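Student: Going letter by letter, the sequence shown gives residues 377 to 602 in this note's numbering. Where a beta carbon is used, it is the ideal one built from N, C-alpha and C, also for glycine. Keep in mind the model is a prediction, meaning the values are calculated, not measured. Got a structure for you, questions after.
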Amino acid sequence: MCYYPDMKYSFPCLAPSLLSADFTQVAEAVTLVERSGARILHLDVMDGHFVPNLTFGPKMVADIRDITGLPLDVHLMIEEPERSADAYMDAGASILTFHAEACVHIHRLVERIHARGVHAGLAIVPSTPLSSVEPMLDDIDLLLVMTVNPGFGGQTLIPLCVDKIRSAVRLRKQRGLDFRIECDGGVNETTSSELVDAGTDILVAGSAFFGSDARDRLVQQVQGEE
Ligand code: DX5
Ligand code: ZN
377 MCYYPDMKYS FPCLAPSLLS ADFTQVAEAV TLVERSGARI LHLDVMDGHF VPNLTFGPKM
437 VADIRDITGL PLDVHLMIEE PERSADAYMD AGASILTFHA EACVHIHRLV ERIHARGVHA
497 GLAIVPSTPL SSVEPMLDDI DLLLVMTVNP GFGGQTLIPL CVDKIRSAVR LRKQRGLDFR
557 IECDGGVNET TSSELVDAGT DILVAGSAFF GSDARDRLVQ QVQGEE
């Protein structure tokens, strides 16, 4: 069973991704997320190797931890995540998600994350089949199904990935498991209903949240009336 079956947030919920915010105005962006009623803040860490883009490291996560009580959903798009996982947990990650494609000893890293009392998330890119992470589903708290190829905000959702979410929901039920399912990429007012209907628990949205004045409507659409 997953280590934190009582993951306390209520679902479905929207997790705005800071990637699409103005990086010179990070504190203001965090305030915007808090005021919107979104329940989780998604932080994208990119290393320029696993994905062709660079963002920020543990110091940014720690500085954000200091200014908000929101759960921090840290999405590591980095090679060899085991080398710096502790730094992100020290920085205050509430959920630490790494990519199955970037790590050989997945089970070992999940155990290390749980030993620190942090929720462990496992992410898969669009070309990775669900079957490749099936052995880990008993142990993880979160399965992040990428709905675009990771690396950049503002891309269009790949419809095939929604089928993968449906399969994950079916498998979870069949096996009596309780990991949460998250999607990331291409979430907006048009795609969010299908994703919620498919059974997604956490919908990450970057450009549709920070690039639009309709962000509160998107939050409501996903989370329902508060
Ligand atoms: C992309 C990142 C996402 C990104 C999503 O690799 O993991 O979290 O912010 O951006 P949108 O919502 O604009 O597709
Ligand atoms: Zn992300």
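Any heavy atom of the ligand ZN closer than 7 Å to the Cβ of Asp-560?
Tutor: Looking up residue 560 in the sequence shown gives position 184. Because some heavy atom of the ligand ZN lies under 7 Å away, the Cβ of Asp-560 counts as near it: yes.
Student: Between Pro-388 and Val-509, which are expected to be in contact by the criterion C-beta below 8 Å, what is the C-beta distance as a whole number of angstroms?
Tutor: Along the sequence shown, read from residue 1 onward, the residue named residue 388 stands at position 12. Along the sequence shown, read from residue 1 onward, the residue named residue 509 stands at position 133. The Cβ separation is near 21 Å, so there is no contact.
Student: Using DSSP with H/G/I as helix, E/B as strand and the rest coil, what is Thr-576?
Tutor: Locating residue 576 in the sequence shown gives position 200, where the first residue counts as 1. Three-state DSSP puts Thr-576 in coil, outside helix and strand.
Student: Please classify Ser-386: is it buried, with 16 or more other beta-carbons within 10 angstroms of its beta-carbon, or exposed?
Tutor: On the sequence shown, position 10 is the one that residue 386 refers to. So Ser-386 ends up on the exposed side.
Student: Rounded to whole angstroms, how far is the Cβ of Asp-534 from the Cβ of Pro-502, which I believe are closer than 8 Å?
Tutor: Working through the sequence shown from its first residue, we reach residue 534 at position 158. Working through the sequence shown from its first residue, we reach residue 502 at position 126. Checking the sequence, you will find Ile at residue 534 rather than Asp. With a Cβ gap of about 5 Å, Ile-534 and Pro-502 count as contacting.
Student: Flag this pair as touching only if the region 590-601 and the region 548-562 have three or more C-beta atom pairs under 8 Å; answer yes or no.
Tutor: Contact fails: fewer than three Cβ-Cβ distances are below 8 Å.
Student: Grouping DSSP H, G and I as helix and E and B as strand, with all else coil, what is Asp-398?
Tutor: Stepping through the sequence shown from its first residue, residue 398 is reached at position 22. Asp-398: coil per DSSP, three-state reduction.
Student: Report, in whole angstroms, the separation of the C-beta atoms of Val-437 and Ser-470, which I expect to be a contact under 8 Å.
Tutor: Position 61 of the sequence shown, counting from 1, holds the residue named residue 437. Position 94 of the sequence shown, counting from 1, holds the residue named residue 470. Not confirmed; about 10 Å, so no contact.
Student: Would Asp-423 and Met-453 be called neighbours here (beta carbons separated by less than 8 Å)?
Tutor: If you number the sequence shown from 1, residue 423 lands on position 47. If you number the sequence shown from 1, residue 453 lands on position 77. Yes, they are a contact pair.
Student: Please tell me whether, using a cut-off of 7 Å, the distance from the CB of His-418 to the nearest non-hydrogen atom of the ligand ZN is below it.
Tutor: Translated into positions along the sequence shown, residue 418 becomes position 42. Answer for His-418: yes, Cβ within range of the ligand ZN.
Student: With respect to 7 Å, is the separation between the Cβ of His-451 and the closest non-hydrogen atom of the ligand ZN below this value?
Tutor: In the sequence shown, the residue the question calls residue 451 occupies position 75. The answer is yes for His-451.
Student: Between Asp-517 and Ala-496, which are expected to be in contact by the criterion C-beta below 8 Å, what is the C-beta distance as a whole number of angstroms?
Tutor: Position 141 of the sequence shown, counting from 1, holds the residue named residue 517. Position 120 of the sequence shown, counting from 1, holds the residue named residue 496. Indeed they touch by this definition, with Cβ atoms about 5 Å apart.
Student: Using a Cβ distance threshold of 8 Å, determine whether the region 478-485 contacts the region 518-525, with at least three qualifying pairs required.
Tutor: No: the two stretches stay apart, fewer than three of their Cβ pairs being nearer than 8 Å.
Student: Please confirm whether any heavy atom of the ligand ZN lies closer than 7 Å to the CB of Val-580.
Tutor: Looking up residue 580 in the sequence shown gives position 204. Val-580: yes, Cβ under 7 Å from the ligand ZN.
Student: So the alpha helix (DSSP H) Arg-556 belongs to, where does it begin and stop?
Tutor: Here residue 556 is taken as the residue at index 180 of the sequence shown, counted from 1. That residue, Arg-556, is in no alpha helix (DSSP H); its beta strand (DSSP E) goes 556-560.
Student: Secondary structure at Ala-496, three-state DSSP: helix, strand or coil?
Tutor: As a working note, residue 496 is residue 120 in the sequence shown. Looking at Ala-496 - three-state DSSP - the assignment turns out to be strand.
Student: Below 7 Å, is the gap between the Cβ of Ser-393 and the nearest heavy atom of the ligand ZN?
Tutor: Here residue 393 is taken as the residue at index 17 of the sequence shown, counted from 1. Indeed, a heavy atom of the ligand ZN lies less than 7 Å from the Cβ.
Student: Could you give the C-beta distance for His-475 and Asp-560, rounded to a whole number, given that I count them as a contact under 8 Å?
Tutor: In the sequence shown, the residue the question calls residue 475 occupies position 99. In the sequence shown, the residue the question calls residue 560 occupies position 184. Not a contact, Cβ separation roughly 11 Å.
Student: Looking only at its chain, what residues have a beta carbon closer than 8 Å to the beta carbon of Tyr-464, apart from the 5 residues adjacent to it on each side?
Tutor: Locating residue 464 in the sequence shown gives position 88, where the first residue counts as 1. Hits under 8 Å: Val-421, Pro-434, Val-437, Val-450, Leu-452, Leu-472.
Student: In or out: Ser-507 buried (at least 16 other Cβ within 10 Å) or exposed?
Tutor: Stepping through the sequence shown from its first residue, residue 507 is reached at position 131. Ser-507 comes out exposed.
Student: Could you check what DSSP says for Phe-585 in three-state terms: helix, strand or coil?
Tutor: Residue numbering aside, residue 585 sits at position 209 when the sequence shown is read from its first letter. Note: Phe-585 maps to helix in three-state DSSP.
Student: Within 10 Å of its beta-carbon, does Leu-394 have 16 or more other beta-carbons around it, so buried, or fewer, so exposed?
Tutor: Along the sequence shown, read from residue 1 onward, the residue named residue 394 stands at position 18. Answer is buried; the Cβ neighbour count reaches 16.
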